[in-house]
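Last residue of the sequence shown: number 398 in our numbering, and the count goes up by one each step with no gaps.
Don't be surprised by glycine CBs; every beta carbon is placed ideally from N, CA and C.
Fair warning: this is a prediction, and the values are worked out from it, not measured in the lab.
To start, the structure under review is shown below, and the notes come after it.
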Amino acid sequence: MSTAQISPITHQEGVDEESLRNPGLPPVKPFEFAGFETSNLQWKNRGICRPRFPFIWPQAYHPRLKEFRERYSFLDAIKNIDDEWEQIKALRNWVHRQIPYHFDDTKTLFGLYHYKEVESDPFKILDYSAQGAPHWCTYYAKIFHAVLSACGWVSRHVGNRGIYKPEGSTGAHGVTDVFINSLGKWVYLDAMFDYHFSKDGVLLSNWEAGEELAKNDAKDVEVFKGRDSELIKAVGIPAEEKYALHQNYWSKLALYQDCFSQEGPWTPRVNLIKVGKRHEGHLCYGGNINAKPDAGYEEGFTQHTIRDADVYPDIGTSRIEIAENKIPGTVKVNIGTYTPNLKTFLLKIDNRDWQPANAPFIWHLHDGDNNLEVRTENEFGRLGFPSEVSVNLKIK
């Protein structure tokens, strides 16, 4: 099929996207219906940023996930660390140190072993690494995704591709995305180089890094290395940093991200690519010399979306929704969330201790200042980014 004949499936935004993204102002009427006059009503609430596609995430109680946690020593890397971001950097550094690196395919697992025996199995990748077998970027990304998943974070392996080059190699690079709960955002991490990227002190997602690359060759982006966040030079100055970032033109994301439930060779699966202005008139190509358009286009396995939440959904966040309740002095509270392996919701009312609760629930109000905080907890004990509502009430 010629390039002119390729027309990727492209999913548009829905008609009500703004109402989903923006929770608006907190509603007054439910409190008035409960019998109160209100003042200083405010909230810190999240939108509903959920994907329209069925991502498949690792399951907390899968026996292979449990075995992975027990067989390898990555939990030791974070046992004395409380801060979430510091834990994630320590795990990235652990992966970086476990896997020998070699870019020559004939000297990596790709050439030394039966490639399809190991490419989707995190156990075999680490076991061969322990024997000294070198790998390339994709294996680092797969192992880091498996390690983060086994520790309770929602992450995914991402295949980045460079802009198409008719002469020479288009370029490709395997990296890992993780949703950092304390920040409430996705962050892009490179375990092969032990890197992360930021701009103006804000950690960048894969998409954000790609936008900076397209805008001005990422001149405003800083790159940091290691668990101590050593500041490297501006992106693009030595070749290693340039390579790490310059494949971010396209980011190909498989919906199937359960690294513990599939063994054996790759199988056809749907991949999403978020596209924007920088992609207009272009196609994603394979990351090699004499590259061709991505093989998934022809059969519909590789699809485009312009909707941010399809690729970057909020994970573990809480959308507070308040409604009238027939019992005087109360309102009904529902919570919207997208939390893989959800265990429970946690509530904090008027600065009391956090308590588990189901949704919806009844909030009993009183004269004076009322405060409600809500967050999720998953089966690993990871806590989601909280939402909060506060109001001063006076009985009518």
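Contact under 8 Å by Cβ, residue i with residue j
i	j	result
A246	H175	yes
N273	K254	yes
G383	G186	no
T307	K279	no
I83	A92	yes
D310	F55	no
Q44	S392	yes
R163	C286	yes
Y340	P315	yes
H97	V180	The amino acid at residue 97 is misidentified as His; the sequence shows Val. No.
L191	R94	yes
G386	N208	no
E415	D222	Past the boundaries of the shown model lies residue 415; the chain is included only from 3 to 398, so the question cannot be answered.
P25	R377	no
Y142	A79	no
T319	R48	yes
Y103	H137	yes
S151	P60	yes
Rounded Cβ spacing between residue i and residue j (contact assumed at less than 8 Å)
i	j	result
N250	G212	4 Å
F70	P124	6 Å
G370	L349	The pair is not a contact, with the Cβ atoms about 19 Å apart (cut-off 8 Å).
T172	N336	About 47 Å; that fails the 8 Å criterion.
I364	P28	I364 to P28, Cβ: 17 Å. No contact.
K31	E326	7 Å
T304	P53	Not really, about 16 Å apart at Cβ, beyond 8 Å.
T178	V160	7 Å
K345	N380	6 Å
Min CB distance residue i to chain C below 8 Å
i	result
R73	No chain C is present in this structure, which holds just one protein chain.
Outcome for residue i when other beta-carbon atoms lying within 10 angstroms are tallied against a minimum of 16
i	result
D196	buried
Y63	exposed
T12	exposed
P338	The question names Pro, yet the displayed sequence has Gly at residue 338. Buried, because 16 or more other Cβ atoms sit within 10 Å of the Cβ of G338.
D296	buried
H116	Low per-residue confidence applies at H116: pLDDT is 49, beneath 50, and the placement is therefore not dependable enough to give any value.
N218	exposed
I239	Because the pLDDT at I239 is just 44, under 50, the model does not fix this residue reliably, and the point stays unresolved.
G248	The question names Gly, but residue 248 in the sequence shown is His. H248 is buried by the Cβ-count criterion.
N360	exposed
S41	exposed
P388	buried
V400	The question about residue 400 has no answer, for the chain in this structure spans 3 to 398.
L292	Per the sequence presented here, residue 292 reads as Asn, with Leu not at that position. Label assigned to N292: exposed.
K81	exposed
I8	exposed
G16	exposed
L233	exposed
Q259	buried
P168	exposed
K144	buried
E20	exposed
I397	exposed
E375	buried
H281	buried
K68	exposed
Q14	exposed
E210	buried
Beta bridge counterpart(s) of residue i as assigned by DSSP
i	result
T12	H306
S200	L205, E224
G173	None, per the DSSP bridge assignment.
E323	N336
A211	DSSP, once it has assigned bridges, lists no residue as partnering A211.
L255	V160, L274
N380	L344
E232	K227
L366	Residue identity differs from the one stated: residue 366 is His in this sequence, not Leu. Beta-bridge pairing links H366 to T332.
A359	F347
D371	N394
K46	E390
P295	Y287
T140	In the DSSP output, where bridge partners are listed per residue, T140 has none listed.
F38	I397
I182	K187
I58	Y258
L385	E379
D192	Y197
Hey, is the stretch 322 to 331 in contact with the stretch 26 to 41, meaning 3+ C-beta pairs nearer than 8 Å?
yes
Point to revise | Any 3 or more C-beta pairs closer than 8 Å across the stretch 344 to 356 and the stretch 72 to 89 | key: no
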